[in-house]
């Protein structure tokens, strides 16, 4: 108890409140670090620590980087002696030390860079602020208090880098008040703008894909805001290990890359990319693009057992579909020779060994230690060569690294034996490297600056750095972000294959899945996926989102890009008595809200087809506004109103035709509604989709005790064979997108032929009310 009180008293002695001190004491690592700092400060400040000095010591304790941890006492002395007496100076001091981690500190350069001995008088601040305001006087008088005052403070700070920010702000406020007067309702009015009507500019579909109000938030703008390290400043990131050769390796790295940002997207070619990969593609390619860098598409092809040529092709196709072109296309197998040499070097350094424990012995979190861990280096080297030459059976030996991962797993496997040909290297190898061994080394070989990966790889970061440093090669920096998961779906390759083998799905591109090929086939535009990823942002939090979030972006994009057309899913024949000669051509705008974006012609005749839901013999309720006996309805774009004269039925009392009389809209009483229709139509197939699974998480045994197969929605696909579209659709191309008026958004399916068009429903016009 006395010890705890002593700790609290020490924390309070540097200006922390009692509650803040108690919270800090709960963090054992931080607390111990602060106590050490306080003890050091007491040595250099025997008269006691002032509150302002205590705040600076707390800053050191909470924000000093591991790379300059050895310089803690050096910094504490300068703070305790009040040579570094402001937060600005402390920040500058830490930045200088981070930039100069090698050798002894050049005291003179350090003090100049940190502002030691620099004092800024109120008179100096007054003069600088006066000059800054004079430079922006006209704009200030025009915009008054809507002007960005932060700009004035930033300009003043540029000239007085070691001035106290509060003093600068006070002086800016004072001089602005003197110039503009008090900030009241009259003084704070924004200047009136002259409203000049401009001729409406004709907008092409490509220009209107992104609404103007959303242009500011793009992948590029999001990526530019990420607080990642600059190329060559790897050593400034948390957890990065600095070796005696680190700076030489970084210097060589910068010479080879010319300071260029380099990222990579490293998929395994054993399945199709899914919506989670879309986030990874946008982050890796987007970050490189935002910083004028390059992104490499690297296939992680170290497992010949599951790789297929079609996966390589489709992964590349999907990356390009998302709007990115790789700077290079590489394969982990390109580096098999180099990786083998690295493994031999690791053995020679006694940092890897050949182990004979079976796979089942290594399962679980805490498997027994290997009895072969300390075998002689020469013996491991010979056995590894025997593995390479096929002298040891599959499963009889592995090469393991002498390292413990952050999660506690010891000695991960670096190489295993597989007597399988590789799709690129043939029968040259029968040993193949693992992810833990390959990934960081390929990043190093390719001079990757930012190794961006999902959060589950955070536990591999320590082995990533360890392996590069053990081999004394350039070490990139690994950054992790939260993985994206989607409700009402599965993304496991094994489970998707199970759905395909059970006949529930057709293939990897079945539109009910959330693989990228499936989303493209369904008609989801890649711009919508990018907007979706932008909205998610880049954080460490794992995202589990509802498909409705993606659907909202799909509607936003298609509403601006999908041409309107008329289609009837469940046709009902309507015969019209007209006083004009038919058939005739009717002009229909591609985008009714903006007719300047084009038109197409449709046939109008005395026989048309409408949706069965648009006709009732008897008015069902007062809310029904479509065609009934006694209630006329307008025909969209045709200029006619039709009224029922006769209903024709077959022997089973089913309606087969409705006879009507047509009257021009100009001489008719305005109808309650206008409906869509087709004449001389093309018969086509339409596929309507609902969610594949009934529960949010079909893989959760609590939600679905019988397993994900039992959770499949039997109504997830409905096929209509005799839908109708108008003649303007006869030349559609695969993946062309349309809005079927009053029905939904649709896309031409790859199964389409000139004789049989097939359309997939992408999304409904509005979010279904019944969905969550």
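Residue numbers (full-length UniProt numbering): 1 to 772. No residue lacks a Cβ here, since even glycine has one placed at the ideal position from N, Cα and C. Computed from a prediction, not measured in an experiment: that's the story for all the values here.
What first and last residue would you give for the beta strand (DSSP E) that runs through residue 450? Its beta strand (DSSP E) spans residues 450 to 454.
Do residue 298 and residue 284 have their beta-carbon atoms positioned less than 8 angstroms apart in this structure? No, the Cβ-Cβ distance between residue 284 and residue 298 is not below 8 angstroms.
Given residue 616, which residues of its chain have a CB within under 6 angstroms of its CB, disregarding the five upstream and five downstream residues? The answer, listed in chain order, is 628.
Compare the C-alpha of residue 744 against each of 532, 429, 762, 698 and name the closest. Nearest C-alpha to residue 744: 762.
Am I right that residue 405 and residue 459 are in contact with their C-beta atoms under 8 angstroms? What's the rounded C-beta distance? Confirmed, Cβ separation roughly 6 angstroms.
Taking residue 748 as the reference, which of 17, 339, 757 has the closest Cα? Out of 17, 339, 757, 757 has the C-alpha closest to the C-alpha of residue 748.
State yes or no: is the C-beta of residue 758 nearer than 7 angstroms to some heavy atom of the ligand ATP? Summarising the ligand content, the structure contains no ligands, and the ligand ATP is consequently not present.
State buried or exposed for residue 555, treating a residue as buried only when at least 16 other CB atoms are found within 10 Å of its CB. Residue 555 counts as buried, since no fewer than 16 other beta carbons sit within 10 angstroms of its beta carbon.
Length of the line joining the Cα atoms of residue 235 and residue 242: In this structure, the straight-line span from the alpha carbon of residue 235 to that of residue 242 is close to 7 angstroms.
When burial is assigned at 16 or more other CB atoms within 10 Å of the CB, is residue 61 buried or exposed? By the 16-neighbour rule on beta-carbons within 10 angstroms, residue 61 is buried.
Within 10 angstroms of its Cβ, does residue 759 collect 16 or more other Cβ (buried), or is it exposed? It counts as buried.
CA-to-CA distance, residue 92 to residue 384, given in whole angstroms: Whole-angstrom Cα-Cα distance: 51 angstroms.
Residue ranges of each beta strand (DSSP E) within the stretch 534 to 564, 3 or longer: Counting only unbroken stretches of 3 or more residues, the beta strand (DSSP E) elements lying wholly within the stretch 534 to 564 are 543 to 545, in sequence order.
Check whether the stretch 296 to 315 touches the stretch 420 to 440, counting contact only when three or more Cβ pairs, one atom from each stretch, lie closer than 8 angstroms. Using a Cβ-Cβ distance cut-off of 8 angstroms, the stretch 296 to 315 and the stretch 420 to 440 are in contact, since at least three pairs of beta carbons, one from each stretch, lie closer than that value.
When we look at the beta-carbon of residue 533 and count the other beta-carbons within 10 Å, is it buried (16 or more) or exposed? Buried, by the Cβ-count rule.
Do you know offhand how far residue 57's Cα is from residue 470's? If you take the alpha carbons of residue 57 and residue 470, they lie about 35 angstroms apart.
Can you tell which of 608, 524, 582, 661 has its C-alpha closest to the C-alpha of residue 735? The residue with the shortest Cα to Cα distance from residue 735 is 524.
Is residue 253 helix, strand or coil when you go by DSSP? In the structure shown, the three-state DSSP call for residue 253 is helix.
As a quick exercise: from 455, 165, 442, pick the residue whose alpha carbon is nearest that of residue 482. Of all alpha-carbon atoms in 455, 165, 442, the one lying nearest the alpha-carbon of residue 482 is that of 455.
For residue 486, count neighbouring Cβ atoms within 10 angstroms of its own Cβ and tell me buried if that reaches 16, exposed if not. Buried: at least 16 other Cβ atoms inside 10 Å.
What residue ranges within the stretch 587 to 634 form continuous beta strand (DSSP E) runs of no fewer than 3 residues, ordered along the chain? For the stretch 587 to 634, whole beta strand (DSSP E) runs of length 3 or above, ordered along the chain, are 599 to 604, 607 to 611.
Simplified DSSP assignment, three categories, for residue 781: Because the chain here runs from 1 to 772, residue 781 falls outside it and cannot be looked at.
Local Cβ density within 10 Å of residue 503, reported as buried at 16 or more and exposed below that: Under a 10 Å Cβ-count criterion, residue 503 is classified as exposed, with fewer than 16 other Cβ atoms of the shown protein chains found around its own Cβ.
For residue 201, does the count of other Cβ atoms within 10 angstroms reach 16, so buried, or fall short, so exposed? For residue 201, the pLDDT reaches just 37, beneath the cut-off of 50, and the residue's location in the model is therefore unreliable, although a value from the coordinates is still provided. Per the 10 Å Cβ criterion, exposed.
Considering just the uninterrupted stretch of the beta strand (DSSP E) at residue 645, what are its terminal residues? Its beta strand (DSSP E) spans residues 640 to 649.
Alpha carbon to alpha carbon, how far is residue 49 from residue 82? Within the model, the alpha-carbon separation for residue 49 versus residue 82 is close to 10 angstroms.
List the endpoints of the continuous alpha helix (DSSP H) containing residue 55. Unbroken alpha helix (DSSP H) run through residue 55: 51 to 63.
Residue 74: first and last residue of the uninterrupted alpha helix (DSSP H) it sits in: Where residue 74 is concerned, the enclosing alpha helix (DSSP H) stretches over 72 to 80.
Just tell me which of 480, 413, 334, 464 has its CA closest to the CA of residue 422. Answer by Cα proximity: 334.
Nearest residue (CA-CA) to residue 539, options 225, 181, 641, 325: Comparing alpha-carbon positions, the option among 225, 181, 641, 325 lying closest to residue 539 turns out to be 225.
Residue 449 and residue 231 closer than 8 angstroms at C-beta: Against a cut-off of 8 angstroms, the Cβ pair of residue 231 and residue 449 comes out as a contact.
What does the Cβ neighbour count give for residue 274, buried or exposed, with the cut at 16 atoms within 10 Å? The Cβ neighbour count for residue 274, taken over all protein chains shown within 10 Å, is at least 16; the residue is labelled buried.
Does the Cβ of residue 739 have 16 or more other Cβ atoms within 10 Å, making it buried, or fewer, making it exposed? Taking all protein chains shown into account, residue 739 has 16 or more neighbouring C-beta atoms within 10 Å of its C-beta and is therefore buried.
Buried versus exposed call for residue 47 [16 or more other C-beta atoms within 10 Å across all chains shown]: Counting Cβ neighbours within 10 Å, residue 47 comes out exposed, since fewer than 16 surround it.
One question on the structure: do residue 576 and residue 662 come within less than 8 angstroms of each other, judged by their Cβ atoms? Taking 8 angstroms as the Cβ cut-off, residue 576 and residue 662 qualify as a contacting pair.
Buried or exposed: which applies to residue 726, given that a residue is buried once 16 or more other Cβ atoms fall within 10 Å of its Cβ? In summary, residue 726 is buried, with 16 or more beta-carbon neighbours lying within 10 Å of its beta-carbon over all protein chains present.
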